[in-house]
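Q:
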Amino acid sequence: MPTRLLLIDDHTLFRSGMRLVLQGGIPDVEVLEAASLEQAVREMDLPPALVLLDIQLTGVNGLEGLGLLRKRWPGVPVVMLSSTLEKDTIRQALALGAAAFVSKADTAEKIIQVVRLHLAEPLTQQSANPAKSTKLAEPTHARLTPRQCEVLDLLCEGLSNKVIARRMNLSEFTVRGHVQAVLGLLGVNSRSQATFAARSIGLIG
């Protein structure tokens, strides 16, 4: 049985191109298309394995739609698509439960990489029976504080704890604590893994 992906975007040409990219890069995949959130909800009988959602939809916009999809299909990863990558918007989307955030200008290889990552590691925090769950599971990376996000940005630039401490006017001990917290929240063991994870979910470009 093919893996079903749901692509929600109001631009027909973009949907067609993205469908070809996904079908060419992921074996045994079926890409279902919808021009709006309303159409997607109306026509989907079963939850997909993953949703790709345009953040700039007409009607119900992507951020509003994200919240609705997370309530309807709590265990389904939602990857946000956008023409622009503003950090505030990215963090807002991640806080609302997005699995990742990718630019429409990204290469086909990067988009495939992100989709593969989240198909391999679906959301597991949410109960398999949503009726028994009273609260949406919050993605781990959504719990990063603004200070931790700043540390992550500098860490991904390849800076040492000493340089990060100088940049942020903090002690090296404090920075070390922030780095360990960031690694723990991202579920990784090294700085290079943190950089890869941050890129995969759209926290950095």
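Per my numbering, the sequence shown runs over residues 18 to 222.
For glycine and all other residues, C-beta sits at the position ideal for the given N, C-alpha and C.
Starting from Ala51 and walking both ways along the beta strand (DSSP E), at which residues does that stretch end?
A: Val46 to Ala51
Q: Distance check for Arg183 and Phe31, CA to CA, integer angstroms please.
A: Approximately 44 Å, taken between the alpha carbons.
Q: Rounded to whole angstroms, what is the Cα-Cα separation between Met61 and Asp27?
A: Whole-angstrom Cα-Cα distance: 17 Å.
Q: What did DSSP end up calling Leu70 once you bin it into helix, strand or coil?
A: strand
Q: Would you be able to state if there are at least three C-beta pairs under 8 Å between the region 76 to 93 and the region 199 to 209?
A: no
Q: Taking one C-beta from the region 160 to 178 and one from the region 42 to 61 each time, how about it: are there three or more such pairs within less than 8 Å?
A: Counting Cβ pairs under 8 Å, fewer than three are found: no touch.
Q: Do Gly42 and Ile129 have their C-beta atoms closer together than 7 Å?
A: Yes, the pair counts as a contact, with Cβ atoms nearer than the cut-off.
Q: Using only the alpha-carbon positions, how far apart do Ala180 and Thr191 sit?
A: Per the sequence shown, the amino acid found at residue 180 is Val instead of Ala. The straight-line gap from Cα to Cα measures roughly 13 Å.
Q: I need the DSSP call for Thr20, collapsed to helix, strand or coil.
A: strand
Q: Excluding the five sequence neighbours on either side, which residues of its own chain have a C-beta within less than 6 Å of the C-beta of Arg100, listed in chain order?
A: For the sequence presented, residue 100 should be read as Ser rather than Arg. Cβ within range, chain order: Lys121.
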